[in-house]
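Engineer: Shown below is the structure under consideration.
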Amino acid sequence: MADADRAAWRRRSVLRVVAPARARKLAKVPFVELADGRLQGVVSSGTDIERVYVSSVTATTHAYHCSTNNNRPCGGLRGAPCKHLHALADEAVVQYGVDRVARYLRVEVDDTVATGRQVLSRMDTRHEPTPAAVVFSRFLRHLAYLELPASPAPLPELQWFPSTVAGR
Amino acid sequence: MRGTQVAALRDGVPAGLPDILDVVAGFDEALVRGFARVGEQDAAALAALAGALAGTPLGDPVAEAAGKVTAGSVTADHLAVLAGARSALLGAAHDALLGQLDAALGRDRSPWPVTDPAATPAGPEPAGGPAAGARAWLHEVAVSGWRGVDHELLTAAGTPIETALAVPGLRRLAVLLDGLTAELRASVPVGTMPQVPARRWADLWARGMLLTQAAPPAAPGTGTVSGRLLPLGVDLHEHDTAVQAQVHAILEPADGGPPRLVRTTVGAAKVDTIVGPAVWGLLRACPVLLAALAQRRAVTVTDVALHGGDLRWDDGRARLGEPADPFATARVLLGPATAAPTAPLDRHPVAIAEPVLLEGRVVRDDDGTLTVDLDGHPVAVDTDRLPAGGPLTPDLVAAATALLGLLRWDDGWSVQPLAVLATVKKQPVEAHNGDWADGVTDARVAKAEARAGDAVAVLRERAGRLLRR
């Protein structure tokens, strides 16, 4: 970016700072986010429709964990990330793009890395139990947005957030 | 719009505008570094802000706040005063720019009714009220500066946002904070960002600070109105957790009064994985409005509330009318229609969105930027504002022979397309932002949507099983 463009960018009110999330199938991994310094989310159980797994990878330490929302450890964790963590990472890459996921997790990636699983394989991961409650309550809060009644009045602040075709 | 009007916009830069923007830019750079330790440059910026407001009713409090913050006493009250000062300057910029626009276009605009300030009911929000957490968070942000924002500070925004979401009167604040924190979260560590969007984030910080003070007073001159509503186009707004469709339209009052330029707005809360045309599915509570957009038809409204130029949509009081071509509406009625003023607290250049009809050739530069050429006078086309939920693409706009859009100002004038008449492969094509309001009409896009599945249905199923436990 040239200096003149840089200066102009600092003086604009409406900018696309972050690309909107890309649409993806939600059945397997209903919730993914890059927040609280972690890649974290919720993965539906393949066998029990009532059960979900809470999976996370911490950005700085690369510690991972997976458990049911009742804190029962995932049986698939045998010294390596389980299939739920693989699914979580893959869907994160679909939603955010590989660059953003790698940057958030502070992983060096090259052009050969295209999936979340490959991003995980580039990390020196280790297992460390973390409570599922924090992530699970963020998922419930996420779902609660769909139950929120609409504002009866216009929201003038959304003038700063135009819908944008970029990213389709 | 004619070439001479474009020239009047380009050449008639309001007196004092560049100075105001420099003062604001100085404050914005200070906010990048934060107010924990105010250096020489930022002290000068705060003094300049106080200087710009000298002689106004805000003069004394701003001078005091600037002095105290420079000296290291950074209280939430001082910051609120500085946010007010910055907002007042940009409010003045809004007024000057809109005045310039009205003069250039010959647009008639009704004045904001003068009210007795003593009669304004909104008092300050009590300390410890539901907005207190948000105010404390914005205070902390200003102290650390954008460069100092980290995961911990962002996690701390969770509770204030949740609190604000639960209070209907604080929805504007909650939606603003959700949008701002999502951008910050994606930008952490901000310290290593090559480029900080200084103006944008300061805009959101200052507006947030004002929204924590008190509920904005209701617009005076509120009443009900009946008549025929002729849509010009729809402007879609969205971030991760909110979507809003703002319809610009001409209202022909049933009592025979002159046509009025109005906006009617519907919205919904959402989640980040609901994007593109799927957002229309969240607005299904307004079938008449969506049908009017998708089928390009007029609507008859009966006894609906009108606050200034803001027509409060009520689907139960609306009836779908005859087909109405938005381009014909613009040609015939945009000239004589009376526009509405902006509510004082909403005045910021970002609020300027004036419908215009441009009939001219679109030129594509080597770098892909588009301009409309009107008798040799270029108008920039803002292709970043083409919504993901509509059929307009940069290629389609590039082929346009006529363009219905919103004139906007963001450090310069540009037009945001709402609809185009174009020639593609020698065939005439017409496309409007609202074409997919009632379902996607493009086979390729519809197929992609079907492949992704119904996000809302999947999440509702998950919510049904997990939420009420």
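Protein sequence lines correspond, in order, to chains A and B. Under our numbering, the first residue of the first sequence carries the number 1007, and numbering increases by one thereafter. Under our numbering, the first residue of the second sequence carries the number 145, and numbering increases by one thereafter. The beta-carbon is built from N, C-alpha and C at its ideal position, and this holds for glycine as well.
(1) According to DSSP, is ALA616 of chain B part of a helix, a strand, or is it coil?
(2) Who are TYR1059 of chain A's beta bridge partners in DSSP?
(3) Does the separation of the CB atoms of VAL1171 of chain A and PRO531 of chain B fall below 9 Å?
(4) Who does PRO1137 of chain A pair with in a DSSP beta bridge?
(5) Distance check for LEU477 of chain B and ARG1028 of chain A, CA to CA, integer angstroms please.
(6) Quick one, which residues of the stretch 384–406 of chain B are near chain A if we go by CB-CB under 8 Å, in chain order?
(7) Which first and last residues belong to the beta strand (DSSP E) in which PHE171 of chain B is found?
(8) Identify the continuous beta strand (DSSP E) that holds HIS392 of chain B and give its terminal residues.
(9) For the pair the stretch 535–542 of chain B and the stretch 502–518 of chain B, tell me if three or more CB-CB distances fall below 8 Å.
(10) Examine chain A for any beta-carbon lying closer than 9 Å to the beta-carbon of LEU380 of chain B, and answer yes or no.
(11) Along the chain, where does the alpha helix (DSSP H) that runs through GLN339 of chain B open and close?
(12) Mark GLU1114 of chain A as exposed unless 16 or more other C-beta atoms lie within 10 angstroms of its C-beta, in which case mark it buried.
(13) Can you list the residues of chain A that ALA169 of chain B reaches, using a CB-CB cut of under 8 Å?
(14) I need the straight-line Cα distance from TRP345 of chain B to ALA286 of chain B, nearest angstrom please.
(15) Can you confirm whether ALA196 of chain B, when its beta carbon is compared against all beta carbons of chain A, has any partner nearer than 9 Å?
(16) Mind checking if SER1073 of chain A is an interface residue toward chain B, Cβ cutoff 9 Å exclusive?
(17) Under 9 Å between C-beta atoms, does VAL443 of chain B make it to chain A?
(18) Compute the minimum distance between the beta carbon of LYS1034 of chain A and the heavy atoms of the ligand ZN, and state whether it is under 8 Å.
(19) Hey, is the stretch 401–411 of chain B in contact with the stretch 558–574 of chain B, meaning 3+ C-beta pairs nearer than 8 Å?
(20) Look at the alpha carbon of ARG154 of chain B and the alpha carbon of VAL602 of chain B, and state the distance between them as a whole number of angstroms.
(21) As an exercise, report each continuous beta strand (DSSP E) stretch of at least 3 residues that is fully enclosed by the stretch 535–602 of chain B, in chain order.
(22) GLU327 of chain B and VAL1024 of chain A - do their beta-carbons sit closer together than 9 Å?
(23) Using 9 Å as the limit for Cβ to Cβ distance, is HIS1148 of chain A near chain B?
(24) What span of residues does the alpha helix (DSSP H) with ASP294 of chain B cover, start to end?
(25) Is there at least one Cβ from chain B nearer than 9 Å to PRO1168 of chain A's Cβ?
(26) Determine, using beta carbons only, whether ASP1009 of chain A comes closer than 9 Å to chain B.
(27) Pick helix, strand or coil for GLY1173 of chain A, following the three-state DSSP scheme.
(28) For the stretch 1016–1037 of chain A, enumerate the residues whose C-beta is nearer than 9 Å to any C-beta of chain B, in chain order.
(29) Tell me whether PRO162 of chain B is buried or exposed, calling it buried when 16 or more other Cβ atoms sit within 10 Å of its Cβ.
(30) State the DSSP-derived secondary structure class of LEU405 of chain B, mapped to helix, strand or coil.
(31) Give me the chain B residues within the contact set of SER1157 of chain A, using Cβ-Cβ distance strictly less than 7 Å, ordered along the chain.
(32) When burial is assigned at 16 or more other CB atoms within 10 Å of the CB, is PRO493 of chain B buried or exposed?
Structural biologist: The structure says:
(1) One cannot answer for residue 616 of chain B here, as it falls past the ends of chain B, which runs 145 to 613.
(2) Within the first sequence, the letter at position 53 stands for residue 1059 of chain A. According to DSSP, TYR1059 of chain A bridges with A:VAL1049 and A:THR1074.
(3) Walking along the first sequence from the start, residue 1171 of chain A turns up at place 165. Walking along the second sequence from the start, residue 531 of chain B turns up at place 387. Yes. Within cutoff.
(4) Within the first sequence, the letter at position 131 stands for residue 1137 of chain A. Paired residue(s): none; PRO1137 of chain A is not in a bridge.
(5) Your numbering for residue 1028 of chain A matches position 22 in the first sequence. Your numbering for residue 477 of chain B matches position 333 in the second sequence. If I take the Cα positions, the gap works out to 39 Å.
(6) ASP384, THR385, ALA386, VAL387, GLN388 and GLN390
(7) As a first step, residue 171 of chain B must be located in the second sequence, where it is residue number 27. PHE171 of chain B -> not in any beta strand (DSSP E); alpha helix (DSSP H) instead, spanning 161–177.
(8) Stepping through the second sequence from its first residue, residue 392 of chain B is reached at position 248. Start and end: 386–397.
(9) yes
(10) Numbered from 1 along the second sequence, position 236 holds the residue referred to as residue 380 of chain B. Interface residue, yes.
(11) Your numbering for residue 339 of chain B matches position 195 in the second sequence. Unbroken run through GLN339 of chain B: none, as it is neither H nor E.
(12) Numbered from 1 along the first sequence, position 108 holds the residue referred to as residue 1114 of chain A. Per the 10 Å Cβ criterion, exposed.
(13) Locating residue 169 of chain B in the second sequence gives position 25, counting from the first residue. Near ALA169 of chain B (Cβ distances below 8 Å), the residues of chain A are ARG1016 and ARG1017.
(14) As a first step, residue 345 of chain B is located in the second sequence; it is residue number 201 there, counting from the start. As a first step, residue 286 of chain B is located in the second sequence; it is residue number 142 there, counting from the start. If you take the alpha carbons of TRP345 of chain B and ALA286 of chain B, they lie about 11 Å apart.
(15) On the second sequence, position 52 is the one that residue 196 of chain B refers to. False, the Cβ-Cβ gap to chain A never drops below 9 Å.
(16) The residue you call residue 1073 of chain A lines up with position 67 of the first sequence. Not one chain B Cβ lies under 9 Å of SER1073 of chain A.
(17) Residue 443 of chain B sits at position 299 when you count from the first residue of the second sequence. It does not; no Cβ of chain A falls within 9 Å.
(18) In the structure shown, the ligand ZN is absent, as is every other ligand, since no ligand is present at all.
(19) no
(20) Residue 154 of chain B sits at position 10 when you count from the first residue of the second sequence. Residue 602 of chain B sits at position 458 when you count from the first residue of the second sequence. Using only the alpha carbons, I get a separation of about 50 Å.
(21) 544–553, 557–568 and 571–576
(22) Mapped onto the first sequence, residue 1024 of chain A falls at position 18. Mapped onto the second sequence, residue 327 of chain B falls at position 183. Closer than 9 Å, so yes.
(23) Stepping through the first sequence from its first residue, residue 1148 of chain A is reached at position 142. Cβ-Cβ to chain B under 9 Å: yes for HIS1148 of chain A.
(24) Taking the first residue of the second sequence as 1, we reach residue 294 of chain B at position 150. Run containing ASP294 of chain B: none; DSSP gives neither H nor E here.
(25) Here residue 1168 of chain A refers to the residue found at position 162 when the first sequence is read from its first residue. Chain B, which has a Cβ nearer than 9 Å to the Cβ of PRO1168 of chain A, makes this yes.
(26) Taking the first sequence and counting its residues from 1, one reaches residue 1009 of chain A at position 3. False, the Cβ-Cβ gap to chain B never drops below 9 Å.
(27) For this step, residue 1173 of chain A is matched to residue 167 along the first sequence. Residue confidence for GLY1173 of chain A is low, a pLDDT of 43 falling below 50, so the modelled location carries little weight; the figure read from the coordinates is stated next. Here GLY1173 of chain A sits in coil by DSSP.
(28) ARG1016, ARG1017, ARG1018, SER1019, VAL1020, LEU1021, ARG1022, VAL1023, VAL1024, ALA1025, PRO1026, ALA1027, ARG1028, ALA1029, ARG1030, LYS1031, LEU1032, ALA1033, PRO1036 and PHE1037
(29) Along the second sequence, one-based indexing puts residue 162 of chain B at 18. The residue is exposed, with fewer than 16 neighbouring Cβ atoms inside 10 Å.
(30) Along the second sequence, one-based indexing puts residue 405 of chain B at 261. LEU405 of chain B falls in the strand class under three-state DSSP.
(31) Locating residue 1157 of chain A in the first sequence gives position 151, counting from the first residue. Under the 7 Å cutoff, chain B gives ARG315 and GLY411.
(32) As a first step, residue 493 of chain B is located in the second sequence; it is residue number 349 there, counting from the start. The residue in question, PRO493 of chain B, is buried, as its Cβ has 16 or more Cβ neighbours within 10 Å.
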